[in-house]
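Asker: Please read through the structure below; I'll follow up with questions.
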Amino acid sequence: MDIETVTERESRPRTRSRVPFIVTSALASAVGVIVAIFVDNLGQAVAGLIGDRAPVLYHNDVVFHSAGSDLALGGGVVLTLLAGAFFLTLYPGSRRFDASRLTMLWIILHCFRQGFTQLATLSLSDDSNVALAFGTLDVPVGLDLVVSAAGVVGLLSIALASAPAFLAYAHRQSLIDSPAKRAAFTGKLALVPGVVGPLLTVPAFLPDNGSGLIQSLPLLGLFTVATVLAALATRTVRIGDGRTVQGWSWLPLVWLVGFGLLFQLLLRRGLVIPPTLENPFVESG
Numbered sequence: 036m037d038i039e040t041v042t043e044r045e046s047r048p049r050t051r052s053r054v055p056f057i058v059t060s061a062l063a064s065a066v067g068v069i070v071a072i073f074v075d076n077l078g079q080a081v082a083g084l085i086g087d088r089a090p091v092l093y094h095n096d097v098v099f100h101s102a103g104s105d106l107a108l109g110g111g112v113v114l115t116l117l118a119g120a121f122f123l124t125l126y127p128g129s130r131r132f133d134a135s136r137l138t139m140l141w142i143i144l145h146c147f148r149q150g151f152t153q154l155a156t157l158s159l160s161d162d163s164n165v166a167l168a169f170g171t172l173d174v175p176v177g178l179d180l181v182v183s184a185a186g187v188v189g190l191l192s193i194a195l196a197s198a199p200a201f202l203a204y205a206h207r208q209s210l211i212d213s214p215a216k217r218a219a220f221t222g223k224l225a226l227v228p229g230v231v232g233p234l235l236t237v238p239a240f241l242p243d244n245g246s247g248l249i250q251s252l253p254l255l256g257l258f259t260v261a262t263v264l265a266a267l268a269t270r271t272v273r274i275g276d277g278r279t280v281q282g283w284s285w286l287p288l289v290w291l292v293g294f295g296l297l298f299q300l301l302l303r304r305g306l307v308i309p310p311t312l313e314n315p316f317v318e319s320g
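So the sequence shown is numbered by the numbering used here: it starts at 36 and just counts up by one.
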């Protein structure tokens, strides 16, 4: 009886700590969505600056105040993919499977998702930013289908490759030692946060003028479903002894508050690119 009581007491903290870490993962997913869309808009603004289109950066869109080539609209895709690749090079450097590493993982995934989704839908929409930018190029007929196919492959590759990354957050091997347990684990740590996180960010981008977040919500669910399915066949993850059980962390919430202040105090007013001390916002010009 004493042994059973001790065992029960030892298992209770682990059971209680999982739910807070799932909430932390959802907030980290929200951070990833906000970073991805912000980088997308920033890429368009930088490309617009290079193309002399007098860009103005908002929290939910980029507005060009000068006529010019629509090639600048493709700057967002380029920068999101570059950002995803940059953060990916930093990710293996940390060996602590904590909230900061999990937030970095979500940022990587959402940056790649933001870029590859636009490429994948190139041939389906004539008025998207990528389609307008692609239309300025003198390319052979049918190349848009090739680019769309590459975008689909990129989306699937990132979704499938993220399965072992999420499984590595298990604090003991027994949590992921069967396909059903791997599906359950990634379902809680990746699928639920992958759906809830973007929903949390919707108010930050209203009105949804240019982010396309609301229209892409169904694709976000499919993206994380692919991760769960890939986890079924992932058997290469090995959890070492002595792994600390992770729980609630304030880190992603602090990130969200920081971006909320940035959007509310600066970007909602329309930040002129490049900003100046005399006239940093549209209404001050």
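Even for Gly, the Cβ is constructed at its ideal location relative to N, Cα and C.
Let's see if you can read the secondary structure: which residues bound the beta strand (DSSP E) around residue 58?
Answerer: Residue 58 -> not in any beta strand (DSSP E); alpha helix (DSSP H) instead, spanning 37 to 85.
Asker: Label residue 322 either buried or exposed according to how many other C-beta atoms from any shown protein chain fall within 10 Å of its C-beta, with 16 as the threshold for buried.
Answerer: The requested residue 322 is not part of the displayed model; the chain covers only 36 to 320.
Asker: Can residue 262 and residue 218 be called in contact, C-beta distance under 8 Å?
Answerer: No, they are not a contact pair.
Asker: For residue 308, which residues of its own chain have a beta-carbon under 6 Å away from its beta-carbon, when the five flanking residues on both sides are left out?
Answerer: So the qualifying residues of the chain are 80, 84, 90, 92.
Asker: Which of helix, strand or coil does DSSP assign to residue 132?
Answerer: Coil at residue 132, not helix or strand.
Asker: When DSSP labels each residue in this structure, what does residue 176 get in the three-state scheme?
Answerer: The answer is coil: DSSP assigns residue 176 none of H, G, I, E or B.
Asker: For residue 117 and residue 141, I'd like the C-alpha separation in whole angstroms.
Answerer: Each residue's alpha carbon lies about 15 Å from the other.
Asker: Just mark residue 138 as buried or exposed, buried being the case when its beta carbon has 16 or more other beta carbons within 10 Å.
Answerer: Buried, because 16 or more other Cβ atoms sit within 10 Å of the Cβ of residue 138.
Asker: Can you check which of these residues, 312, 206, 272, is closest to residue 281 by C-alpha distance?
Answerer: Checked all of 312, 206, 272; the closest Cα to residue 281 is 206.
Asker: Taking only the alpha-carbon atoms, compute the straight-line gap between residue 67 and residue 101 and give it to the nearest angstrom.
Answerer: Each residue's Cα considered, the two are about 31 Å apart.
Asker: Tell me the DSSP secondary structure of residue 301 in three-state form.
Answerer: Of the three classes helix, strand and coil, the one that applies to residue 301 here is coil, per DSSP.
Asker: Is the separation between the beta-carbon of residue 88 and that of residue 99 shorter than 8 Å?
Answerer: Yes. Within cutoff.
Asker: Should residue 112 be labelled buried (16 or more other beta-carbon atoms within 10 Å of its own) or exposed?
Answerer: Looking at its Cβ environment, which holds 16 or more other Cβ atoms inside 10 Å, residue 112 is buried.
Asker: What separation, rounded to the nearest whole angstrom, lies between the Cα atoms of residue 292 and residue 135?
Answerer: Going by the C-alpha atoms only, they are around 16 Å apart.
Asker: Check whether the Cβ atoms of residue 108 and residue 155 sit closer than 8 Å, and answer yes or no.
Answerer: Not closer than 8 Å, so no.
Asker: Starting from the Cα of residue 132, find the closest Cα among 275, 296, 223, 310 and give me that residue.
Answerer: Nearest option by C-alpha distance: 275.
Asker: What are the boundary residues of the beta strand (DSSP E) that includes residue 167?
Answerer: Not the beta strand (DSSP E): residue 167 falls in the alpha helix (DSSP H), residues 164 to 170.
Asker: Which residues share a DSSP beta bridge with residue 306?
Answerer: The partner list for residue 306 (beta bridge, DSSP) reads 92, 316.
Asker: Quick one: any contact between the region 217 to 234 and the region 296 to 313, if contact means 3 or more CB pairs under 8 Å?
Answerer: The answer is no - the region 296 to 313 does not touch the region 217 to 234, with fewer than three Cβ pairs under 8 Å.
Asker: Work out the CA separation of residue 241 and residue 44 for me, nearest whole Å.
Answerer: For residue 44, the predicted structure reports a pLDDT of 39, less than 50, and the residue's modelled location is therefore unreliable. The matter cannot be settled from this model.
Asker: Have a look at the DSSP bridge pairing and note the partners of residue 99.
Answerer: The partner list for residue 99 (beta bridge, DSSP) reads 90.
Asker: Could you give the first and the last residue of the continuous alpha helix (DSSP H) run that contains residue 271?
Answerer: Residue 271 -> no alpha helix (DSSP H), and no H or E assigned at all.
Asker: Please determine, among 63, 183, 152, 302, the residue with the shortest C-alpha to C-alpha distance to residue 252.
Answerer: Of the listed residues, the one whose Cα sits closest to residue 252 is 152.
Asker: Alpha carbon to alpha carbon, how far is residue 214 from residue 204?
Answerer: Distance between the alpha carbons of residue 214 and residue 204 is about 16 Å.
Asker: Mind reading off the beta-carbon distance from residue 287 to residue 123? Whole number of angstroms is fine, and I expect it under 8 Å.
Answerer: Actually they do not touch by this definition, with Cβ atoms about 19 Å apart.
Asker: What distance in whole Å lies between the Cβ atoms of residue 173 and residue 158, which are believed to be in contact at a cut-off of 8 Å?
Answerer: Not really, about 18 Å apart at Cβ, beyond 8 Å.
Asker: Please report the distance separating the alpha-carbon of residue 130 from that of residue 259.
Answerer: The alpha-carbon atoms of residue 130 and residue 259 are separated by roughly 24 Å.
Asker: Kindly give me the distance between the Cβ atoms of residue 96 and residue 76, rounded to whole angstroms, as I take these residues to be in contact under 8 Å.
Answerer: That belief holds up - the Cβ atoms of residue 96 and residue 76 are roughly 7 Å apart, short of 8 Å.
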